[in-house]
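Okay, structure first, notes after.
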Amino acid sequence: MKIVDARVIVCSPDRNFVTLKIETDEGIYGLGDGTLNGREMAVASYLSEHVIPCLIGRDPFDIEDIWQYLYRGAYWRRGPVTMSAIAAVDVALWDIKGKALKTPVYNLLGGKSRQGVLVYTHANGKTVDETVASVRRYMDAGYLAVRAQCAVPGVASSYGVPKGGKPYEPAERGLPSEDVWSTERYLNFVPGLFERLRAEVGHDVHLLHDVHHRLTPIEAARLGKSLEPYHLFWMEDPTPAELQEGFALIRQHTTTPIATGEVFNSVWDAHDLIRKQWIDYIRMTIVHGGGITHLKKTADFAALYQVKTGFHGATDLSPITMAAALHFGLAIHNFGIQEHMHHSELTDRVFPHEYSFNAGYMYPGDAPGLGVEIDEALVSQYPYQRAYLPVARKLDGTMTDW
Ligand code: KDG
Ligand code: MG
C-alpha cells in the first residue's frame with residue numbers, strides 16, 4: 001500500500017479543528033487530529049508545507065519509521081506545533097492500519113485490558129450551591145468521576161467557569177480576553193468548596209480539581225494538604241511543570257494525588273516527574289504528544305513507576321483524538337482515567353463517531369480503525385475563525401499563568 005495524497009482540513013463547527021486526511025492507492029484513508037487551541041494555523045501550515053510532501057509514496061504500515069523520520073528528520077525537535085503535526089500523521093496511519101486489517105485500533109495496541117474506559121467530566125458554577133447542583137446533575141447522568149470548579153468570590157472571572165452559561169473550554173474570537181487571579185482568595189476558598197461537596201454528594205463519587213498551573217510549589221503543597229480530608233481523585237496542574245523538581249516540594253507535604261502534563265509534548269517533559277514518582281497521573285495527550293506511537297512509549301515508561309494515564313480530553317481536542325484516547329485507554333494496562341467533555345451537537349455531526357458513554361464508562365466501538373468520520377460537505381459551511389485562549393493578570397495587573 002502507498003500514500004498517494006494527504007490534505008489538511010481546517011474547520012470551525014462551534015470551535016476550530018485541524019484534521020489531516022491521508023489517502024492510499026487502495027482507497028483506504030485515515031484521519032488524524034492536529035488541533036492546537038489558539039495556534040491552529042501554525043500546525044496546518046507545518047503539515048502542508050513541511051510534512052505532507054514527505055509522506056507521498058510511503059507505505060502507511062511503516063508507522064514507527066515514519067514517526068522517526070518526522071521527529072529526527074526535522075532536526076528541530078519537540079514543541080507543541082511539531083508534535084501535534086506528527087500526531088496528526090501518526091493517528092491517521094493507525095486508523096489506516098486498523099481499516100486495512102479490518103480491526104479496531106485497540107486490537108493493534110494489545111487488545112482489551114478492560115471492558116470500558118472510566119471517564120470524568122466537568123461540573124462548575126458561579127456559587128458553591130450551583131457547583132453542588134452541577135456535580136449532582138452529572139452523577140444523575142451516570143458519571144462516576146466529576147471535576148468541580150467554582151467561581152472564587154472577589155475574583156471576576158475564574159478558570160473553569162463559563163461566561164454566559166456556555167460550555168467550557170474557551171476559544172474566544174477577537175484578541176485574548178483578560179481574566180484576573182488572586183492566589184490568596186483562591187487558597188482560602190477551595191477547601192470549603194470540597195468540604196461542602198463531600199457533605200452533599202457523599203464519598204463514593206470521584207471528585208477532581210484543576211488548579212490550572214497557578215500556584216507556586218509551596219502554595220500547591222498547602223492546597224493539597226488542606227484538601228486531604230476530601231480525598232480528591234487528583235489535584236491537577238498544581239504548579240507550572242517546566243520546573244519538574246517543584247513537584248518534589250509538593251510531594252513532601254501532601255498525599256493528595258497529583259496529575260500533570262496536558263501541555264507536555266514529549267516524554268522528556270515528564271522524565272523526572274515520572275521516574276522520581278512526583279506525580280500519580282500523566283495527562284499528556286495523543287494530539288499534543290506525538291500521537292499513539294509516542295504516548296504508548298510514555299505510558300509504558302510511566303508503568304514502571306506506577307504512574308497511570310489521565311489524558312487531557314477537553315473540547316478543543318477533536319472527536320478523532322477522543323476516539324484514539326478511548327482505543328488507547330481500553331488497551332493499556334496502566335490506564336487511570338480519561339477526561340471527557342461533550343462536544344457540541346454540531347461538532348458531533350461534522351465528526352460522526354462510533355464511541356459512546358454508558359454509566360460512567362466510554363466505549364470506542366468495534367469498527368475497524370478508529371471509528372470516526374469527517375463530513376466534508378458539512379465542513380465547508382464552517383470555515384476557520386481566528387480565536388484565542390484568555391490570558392490572566394493578578395489583581396495588581398501583573399501577567400500570570402492562565
Ligand atoms: O485549550 C486549553 C484547554 O484544553 C485547557 O484549559 C483544558 O485544563 C484543561 C482541562 O483540564 O481540560
Ligand atoms: Mg487542565
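In terms of my numbering, the sequence shown opens at residue 1 and continues consecutively.
Where a beta carbon is used, it is the ideal one built from N, C-alpha and C, also for glycine.
When DSSP states are grouped into helix, strand and coil, E172 belongs to the strand group. Per DSSP, the continuous alpha helix (DSSP H) segment holding G291 begins and ends at 291–303. Here the segment 366–377 makes contact with the segment 24–35; the two share three or more CB pairs at distances below 8 Å. DSSP, read as helix, strand or coil, puts K2 in coil. Here the segment 121–133 does not lie against the segment 324–334, with fewer than 3 beta-carbon pairs under 8 Å apart. If you draw a straight line from the Cα of V18 to the Cα of P319, it comes to about 11 Å.
With a cutoff of 7 Å, D210 counts as near the ligand KDG, since its C-beta is closer than that to a heavy atom of the ligand.
Rounded to the nearest angstrom, the gap between the Cα atoms of Y388 and R173 is 7 Å. Residue pairing for H212: DSSP places it in no beta bridge. Shortest Cα-Cα distance from Q149 to any of R196, G142, N107 involves R196. With respect to the C-alpha of F233, the residue from A151, H253, H203, V8 having the closest C-alpha is H203. The nearest non-hydrogen atom of the ligand MG is 7 Å or more from the C-beta of D14. A residue is called buried when at least 16 other Cβ atoms come within 10 angstroms of its Cβ; L215 meets this threshold and is buried. Annotated three-state conformation of L223 is helix, per DSSP. In the three-state reduction of the DSSP assignment, L193 falls in the helix class, which pools H, G and I.
The three-state reading of DSSP puts A156 in coil, since its state is none of H, G, I, E or B. With a cut-off of 7 Å, the C-beta of E236 is classified as near the ligand MG, since at least one heavy atom of the ligand falls inside that distance.
Taking the Cα positions, G291 is about 26 Å away from Y382.
Spanning the alpha carbons of A88 and S226 requires a straight line of approximately 41 Å.
Closest in alpha carbon position to T285, among E49, K126, H294, is H294. In the DSSP annotation of this structure, the continuous segment of the alpha helix (DSSP H) that includes H327 starts and ends at 319–331. If you check the CB distance, G34 and V287 come in under 8 Å. Sequence-distant partners of G38 (beyond 5 residues in either direction) whose C-beta falls short of 6 Å from its own C-beta, in its chain, are Y388, L389. Ranked by Cα distance from H212, the options T24, A392, K2 are led by A392. Between the beta-carbon of D316 and that of A92 there is about 19 Å, and that puts the pair past the 8 Å contact cut. Considering only I56, G192, Y363, the residue with the shortest C-alpha distance to V132 is G192.
Assignment of D179 by DSSP, reduced to helix, strand and coil, places it in the strand class. Here H50 carries a helix assignment [DSSP, helix/strand/coil]. If you check the CB distance, T256 and E228 come in under 8 Å.
Taken atom to atom, the span from the alpha-carbon of F357 to that of G32 is near 22 Å. With fewer than 16 neighbouring CB atoms inside 10 Å of its own CB, M399 falls in the exposed class. By the Cβ neighbour-count rule, I22 is buried, with 16 or more other Cβ atoms within 10 Å of its own.
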